[in-house]
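Protein chains: 6
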Amino acid sequence: MYVARKAYEGKFEKYIRMDGKTNFSEGGALHDIPWVIKKYGIVPAEIYTGLSYGKEKHNHSEFFSVLNGAVQGLLKFMQGDMRDGGLTDAWKEALNGILDAYLGTDIKEFEFKGKKYTPKSYAASLGLNMDDYISITSFTHTEMYKKCFIEVQDNWAWGESYNVPLNELFEITINALKSGYTVAWAADVSETGFSFDNGIAIVPEDLSTIQISGKNNKNFSDAGAEKKSNAFLTPVKELEITPELRQKGYDNKTTTDDHGMHIVGLYKAQNGTNYFLVKNSWGMINFPQGYFYVSENYFKYKTMNILLHKDGIQNSTKKKLNL
Amino acid sequence: MYVARKAYEGKFEKYIRMDGKTNFSEGGALHDIPWVIKKYGIVPAEIYTGLSYGKEKHNHSEFFSVLNGAVQGLLKFMQGDMRDGGLTDAWKEALNGILDAYLGTDIKEFEFKGKKYTPKSYAASLGLNMDDYISITSFTHTEMYKKCFIEVQDNWAWGESYNVPLNELFEITINALKSGYTVAWAADVSETGFSFDNGIAIVPEDLSTIQISGKNNKNFSDAGAEKKSNAFLTPVKELEITPELRQKGYDNKTTTDDHGMHIVGLYKAQNGTNYFLVKNSWGMINFPQGYFYVSENYFKYKTMNILLHKDGIQNSTKKKLNL
Amino acid sequence: MYVARKAYEGKFEKYIRMDGKTNFSEGGALHDIPWVIKKYGIVPAEIYTGLSYGKEKHNHSEFFSVLNGAVQGLLKFMQGDMRDGGLTDAWKEALNGILDAYLGTDIKEFEFKGKKYTPKSYAASLGLNMDDYISITSFTHTEMYKKCFIEVQDNWAWGESYNVPLNELFEITINALKSGYTVAWAADVSETGFSFDNGIAIVPEDLSTIQISGKNNKNFSDAGAEKKSNAFLTPVKELEITPELRQKGYDNKTTTDDHGMHIVGLYKAQNGTNYFLVKNSWGMINFPQGYFYVSENYFKYKTMNILLHKDGIQNSTKKKLNL
Amino acid sequence: MYVARKAYEGKFEKYIRMDGKTNFSEGGALHDIPWVIKKYGIVPAEIYTGLSYGKEKHNHSEFFSVLNGAVQGLLKFMQGDMRDGGLTDAWKEALNGILDAYLGTDIKEFEFKGKKYTPKSYAASLGLNMDDYISITSFTHTEMYKKCFIEVQDNWAWGESYNVPLNELFEITINALKSGYTVAWAADVSETGFSFDNGIAIVPEDLSTIQISGKNNKNFSDAGAEKKSNAFLTPVKELEITPELRQKGYDNKTTTDDHGMHIVGLYKAQNGTNYFLVKNSWGMINFPQGYFYVSENYFKYKTMNILLHKDGIQNSTKKKLNL
Amino acid sequence: MYVARKAYEGKFEKYIRMDGKTNFSEGGALHDIPWVIKKYGIVPAEIYTGLSYGKEKHNHSEFFSVLNGAVQGLLKFMQGDMRDGGLTDAWKEALNGILDAYLGTDIKEFEFKGKKYTPKSYAASLGLNMDDYISITSFTHTEMYKKCFIEVQDNWAWGESYNVPLNELFEITINALKSGYTVAWAADVSETGFSFDNGIAIVPEDLSTIQISGKNNKNFSDAGAEKKSNAFLTPVKELEITPELRQKGYDNKTTTDDHGMHIVGLYKAQNGTNYFLVKNSWGMINFPQGYFYVSENYFKYKTMNILLHKDGIQNSTKKKLNL
Amino acid sequence: MYVARKAYEGKFEKYIRMDGKTNFSEGGALHDIPWVIKKYGIVPAEIYTGLSYGKEKHNHSEFFSVLNGAVQGLLKFMQGDMRDGGLTDAWKEALNGILDAYLGTDIKEFEFKGKKYTPKSYAASLGLNMDDYISITSFTHTEMYKKCFIEVQDNWAWGESYNVPLNELFEITINALKSGYTVAWAADVSETGFSFDNGIAIVPEDLSTIQISGKNNKNFSDAGAEKKSNAFLTPVKELEITPELRQKGYDNKTTTDDHGMHIVGLYKAQNGTNYFLVKNSWGMINFPQGYFYVSENYFKYKTMNILLHKDGIQNSTKKKLNL
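As given, the protein sequences belong to chains A, B, C, D, E and F, one line each in that order. No gaps in the numbering here: position 99 of the first sequence is 99 in the working numbering, and each next residue is one more. No gaps in the numbering here: position 141 of the second sequence is 1141 in the working numbering, and each next residue is one more. No gaps in the numbering here: position 151 of the third sequence is 2151 in the working numbering, and each next residue is one more. No gaps in the numbering here: position 132 of the fourth sequence is 3132 in the working numbering, and each next residue is one more. No gaps in the numbering here: position 81 of the fifth sequence is 4081 in the working numbering, and each next residue is one more. No gaps in the numbering here: position 7 of the sixth sequence is 5007 in the working numbering, and each next residue is one more.
Given below as structure tokens:
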């Protein structure tokens, strides 16, 4: 919650600086976490619960309607009434007043396990160096082994990623897991072959093998709709994902930056297919509880980027990236 | 400033209760003062200056853009996303966060001249009983000597007034001044014959005797535009105002509720015309400094309502009003 | 229909006086009836059928689209083009032209059972004195035994109600019925426990005992959706309604002013629960035909206000209200 | 006024039939006159003054705001709420109610100079045969001597014109005047060289010879702005207008259908330039009072179309047009 | 496709000439075909396939969003920024650039079966004289045997039709078919009794004999929804269509100009009902494949107009129309 | 022009990738030049004049209205209608069709001084290595000697700058000029003390010493308005600019990224003030023709960033920036 709150501060500040020509919304990207920790530090979840006094307060939709209304009101003022003097100092305080009311009062200092901290000193005490965390992606329209921007709405912070060939992206993930590092994973989850309920995400060659019924508006484009198929139980032939196919999905806007998850394990099926074991925040009602398996092809097709500690990357790649 | 701040609280609360079907704006009416004092009490101006830390903060236009944006955002949420649970408790706190940032932190308790007060106990210590203050108007479309609503935008609080014949409205004002009571005066000031700079407000029979030049956007419909005329120096024939003329101005929307001022004196010119001496908040650059004279006809034509202590009203009228 | 037609006249007049800062819509409140009778009188339904020449004319949605379009057009003119002269006299005539076309030509005089009447003389002949009809409600945020405004959209007429403690509101209703007076009832009907089809309105402690299916857009927020439950047949435990719970529903906007009905009887079930027998205008297809039962708890929770002849109120309350 | 009123009826009927995909505005075209006379007849100005009871009623801007609001409301209903039954019969009656209120009650029968008429019988009594009146224009993008549509906003009635070469358009006008027929003239008047105040309209080769100051919003694009130039007093060299230049003005939207006037005479200046004497409805404050002179080049450049009795057209042209 | 492309050129040109006061949309009318052939000629479908390089290009919705955006942008410029110079020549080229990208590059010359053609010379080689093709309709609000405009949205080209009595419209169609001419048919197809799937279009007296389920958004107002009824199998009593009924459907907007089809045959059922055999472009999955039968009553009720070679019209009618 | 055209391609591509959450407008930043050269190469001005066939074509406002309309249309399609298949390939071709029509056909190959080039090969032939060009700025809210983003609207390309202390920014500029490198300069020019007409830009301590009259809408916020003052002739006391003052102007939105110019020389006045000589693209009508002088304080206050060859930077700074 501390990261979410501070990311809102970052978002509205950027939005005003850019005269509204950027994304001010509820979503976020993997980059938000290192961005907040680097700029503000971090607070234990027990200390900043994000709620001052009652669970009914957590109506995110009401919250964002009020915050966004205030931000748009400020923007309108800037574009209309504002005279020579420019903006006052009060607007940030006012917007923080809204954050305080809905997400809990901001924390400057706190005591934790008998010690006093600021968010920054607490982050330091954990030994977190955000410069060690690297974002990696793979696209063909931008130079290999160079930094690039992932151009998706949620990248409001203009965070950079390293661009590597598709196979290398896959190998980095394998290498990290084998070296004991988990990998943060941003991916498109609104796909026919993605079924958290069934605990699996695949790219069947024949999409008609999956029946979708109902809707689940809470998540991305009905990613949680009820899907029935043997394809989730017995291996089906998957579409082999080339860099060209992947690029096309990005170019024609069918691959989007939906959601952040956590790759924690590796699994090789009898038929030789590689799967990643992924932890998701959508509850424990599926099997395996809170986890699901992602096929190599799904990973290659629908990954937006990964974020990991640079020590999880194989040396050959590190060298090419000058890390 | 305390009244203004609390009136904002009252306004946004009513606006939300009424689903936006009321006026939420920067303006106010005479009714706001007794309404706030009765509901919240009052605070000395030295204590609540309305500014926390710097004069540049007082950008009213920026302030209202942000506050109104947040209020409209909440309304939009109510009309769209709101589910069964209804609103949270947080929205008022959030809106008060905006008021705190722009107008200074709200005051619950304070010390003044060595004594501790709450706003309510302070109001009590002044012996203010708001029920003694009476609003009076005069219209022909509603019953005489009964309460009515003045239907103008700024009457967001749905304050009531007593309706009396036009001459009686004039006599009440005279009687009050003679009895030592001043009279709060809400009137239309965006009229050709109104010139604060020249210290006079009249209703010349021939409007072409006054030349208007320039604009003064800061006040009501250029009430402060430069106006030149001998009519302001030498008495001219004024239009005699009947109840029908007055009513017509209200019905066809040419008489509006512009501004609140303070009638403090009475003056009879050589030619027999009655004038009220009125104190205004528009500065001291005119003559007489901060004051101006209002002719009987102007008063009869353009008064929206008056607010005064009931003991200023003659007994004959009091009886008819059951006061 | 005469009341409806004249209420439209009142609504658009107020809307224009208030510069659009009030509610101009199709809905109405209990206050509309005494308001119209007092101001315009009343006409027998046989005389003003509300239709000039053909049933297909009664398309309320088309009617209001045209009327509202004209009213908004006038408002836009006022906010833009209007010059010094203000509004003409023609606009009311024009809007009445729309009312005449859709609701039937206005009636100034008529003959009924051999006698000539105006609407006002006819109301007088019925001995109706609207000042005898009193609106009562119960809220904790405003003073007890004083008049207050019910702040809901449909109270466009700014009608006042007396505020009494919740139990007293209930007792007044009982007393009126026992004294031979029926009670007009404005209440929220878009509640899970409200089922006109099943002839009952309750507040089950466990809402999941009622299954809702389908929608019924014609009425308020699907108040007429199909609902199935044993709760409607066999008594279930109801939530006990306190003044705090009632107030919360009003504050968080889950209790709204949906609909006006007519309380005509009283019934005590074997288990001791009190029910009111209520007449509704939604047809005769339910059982008991056109009527339904409202539990004490539902009444306490979801009543907006009641309107009744003051002689139906017990003397102890009358005294406190100075009636 | 009768023509104006009936043209409004025609305009809103067409606008609704076309689902709003046509022009509904205050303007009109020369075609409106024969269109109304043919469809509804005509009424003497003494009989239909266009005002029921008071000059203040004639606020055209208020009138059109209300009428247009109602029409747009109906359109919105058609695009949204309208179900299977379609529109009622009431909407035309409602819109006519607005016309009646602002323009005076419609006339079905009247007595004039001792005789009873309907508008149609009165038109017949005048011997007006609208089929004798012909509209003529000249454009190069459509076939010569064939009918075409003038594609300008005000041609809401889709009136047709005959297309002839530019010189022939000029000669027809000359011929008509010489044969004793006047010519209705629709032209663009928002041109630098057009000065009603100076009584002349020309196309100076060098536009900088004319100084424009001020604005005159009442007429078309400041056609009435103050213009000073010797060019209006002493002949200047004019741009010679070819069919190509004329066509370009129409194609690039600098020639528009501003205004209808009346060509009544012919005048040849000493330097050989031909001028038409034109009667205009903009008052008598210029010289020659109410009239002005239009040079041949202006006529050729900025004429939208002319409307005249077919007997005013020379035989050679009549033959080509099969008249 | 060539007709569609050129009709877009005609539509945006007219839309700009008319300052947006006409219909710019994806739909078209029967008139478009002769209009394009006459103005531009025609190209064999093999030559102008309407696609430059890949089937995925044919996203009509994306195409029209881009084209319409550009057109509305131009209109906004005209209404705002445009100064004295008017429009440039570039806008048509720019809009054609969009047509080229989505519909294939425009064709000026081509070779077909060994010969070189322009679209116009190709049309000439086919012997097509568009003046021979006549549009006919039947309405009571406009003069018989005269030309009139069909006032429906899709008639953007202001195409004219001859107006004849309803029976004569029917007889013309019969006569044409018997004389070997097919008839283009524009009709309302969003009717309960219209079922392309069942191969029949009728006007049952009792509409409840047909059950509609589901929706088919691809076509007009769910014209393709699943409809089940014996009425489609066994003859049911049909509503007899009079000119008054037909006119009412047009007047109250329940008969609209949905779709163009092709009447190719005539069939008389055992019970004496006349049916037309109609070819439709909605695929071959129904029975009879791609065709359906239209009853005489449906034809009389829901025909907007027919377009046919004038030699298909009986002489008696030709004479009345001066053909 | 080639840079402008290609920057449009880059802008609309980014705008679509970012779902409209970025700036798509006519403006640009210094970063655009190296961005285009690196991605597309460069073309001599003689070869790509940016005009295909006539000077009237260059109506930038019409052009951008059409282009922006098309882009917004595409965005609307993406947010609404777009189904599973995503975007087609045609949209870029369509938008390029608009660029071709208004800015001249794109160039893939050309011959220049007898040699054949592509834009990329031509850039290579000039020896331009864009990685040598460095953008530098100075703000206190972001880390020193690190890369940062200048958060202004026109930085649509998310170009990075190095952040250095304010004095160092000034010294780099001096050093570059002394080393023979000119410096591209992006600055706020809509300031009272900026007067291109008077050939000078200063920050007078007393702003009232400058009189502004008139407006000059063509440039940034009336940067070109007529300004009269002795301050432009005789040295006046300037406000001394600290990093805090500079930062405040950026934070309160009074310093914006108006315009790009070219610093070409250095000049020290008798009173010791340093001025830069700057070349501007606003014509030659001022003195010194096309140039003006910028005081050290103005430069420190209102510079957004500078762009220069890295060899123009002093070694001490280079080391800190790891260049």
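C-beta: ideal position from N, C-alpha, C; glycine also. Note that this is a predicted model, so its numbers are computed, not measured.
Query                                                                                                                    : Result
Short CB-CB distance (under 8 Å) between W2035 of chain C and chain B                                                    : no
Bridge-paired residues (DSSP) for T4137 of chain E                                                                       : E:N4163
Backbone secondary structure at L4321 of chain E - three-state DSSP                                                      : helix
Rounded C-alpha distance that separates L2095 of chain C from D2257 of chain C                                           : 27 Å
Listed by chain order, chain B residues near T2137 of chain C by CB distance under 7 Å                                   : Neighbours of T2137 of chain C on chain B: none; closest Cβ ~13 Å, over 7 Å.
Cα-Cα separation between G3180 of chain D and T2105 of chain C, rounded to whole angstroms                               : 52 Å
Whole-angstrom C-beta distance between L1239 of chain B and N1297 of chain B, which should lie under 8 Å                 : 6 Å
Against chain F: residues of the segment 4088 to 4104 of chain E by CB proximity under 7 Å                               : T4088, D4089, A4090, W4091, E4093, A4094, G4097, I4098, D4100, A4101, Y4102
Chain D within 8 Å of N4163 of chain E, Cβ atoms only                                                                    : no
Beta-ladder partner(s) of N5274 of chain F, from DSSP                                                                    : F:K5268
Among C:N2280, C:W2035, C:L2099, the one whose alpha carbon lies nearest that of D2197 of chain C                        : C:N2280
Three-state class that DSSP yields for N4219 of chain E in the structure shown                                           : The pLDDT assigned to N4219 of chain E is 48, lower than 50, so where the model puts this residue is not dependable, and the model offers no usable value.
Contact set between F5077 of chain F and chain E, taken where Cβ atoms lie within less than 8 Å                          : S4061, E4062, S4065, V4066
K21 of chain A: CB within 7 Å of a non-hydrogen atom of the ligand ATP                                                   : For the structure depicted, the ligand ATP is absent and the ligand set is empty, with no information on it obtainable.
Buried versus exposed, by CB contacts within 10 Å (16 or more), A1187 of chain B                                         : buried
Which residues DSSP lists as bridging S2295 of chain C, in chain order                                                   : C:Y2275
Beta-carbon proximity of G4069 of chain E to G5073 of chain F, cut-off 8 Å                                               : yes
Buried versus exposed call for N1155 of chain B [16 or more other C-beta atoms within 10 Å across all chains shown]      : buried
Residue from C:Y2122, C:T2137, C:V2003 with nearest C-alpha to E2111 of chain C                                          : C:Y2122
Below-8 Å beta-carbon distance, E3238 of chain D vs any chain E residue                                                  : no
Which of helix, strand or coil DSSP assigns to E1109 of chain B                                                          : coil
Given F2299 of chain C as reference, the closest of C:K2011, C:C2148, C:F2139, C:V2203 once Cα atoms are compared        : C:V2203
Of the residues E:T4317, E:L4308, E:H4060, E:I4174, the one placed nearest S4295 of chain E, counting alpha carbons only : E:I4174
Within 8 Å, strictly: CB atoms of Y3002 of chain D and Y3048 of chain D                                                  : yes
M1304 of chain B to L1087 of chain B span [Cα, whole Å]                                                                  : 37 Å
Residue burial classification, G127 of chain A (beta-carbon count within 10 angstroms, cutoff 16)                        : exposed
D3132 of chain D versus H3262 of chain D - alpha carbon distance                                                         : 18 Å
Cutoff 8 Å; reference K1318 of chain B; Cβ partners in own chain excluding five residues on either side                  : K1310
Below-8 Å beta-carbon distance, A1004 of chain B vs any chain A residue                                                  : no
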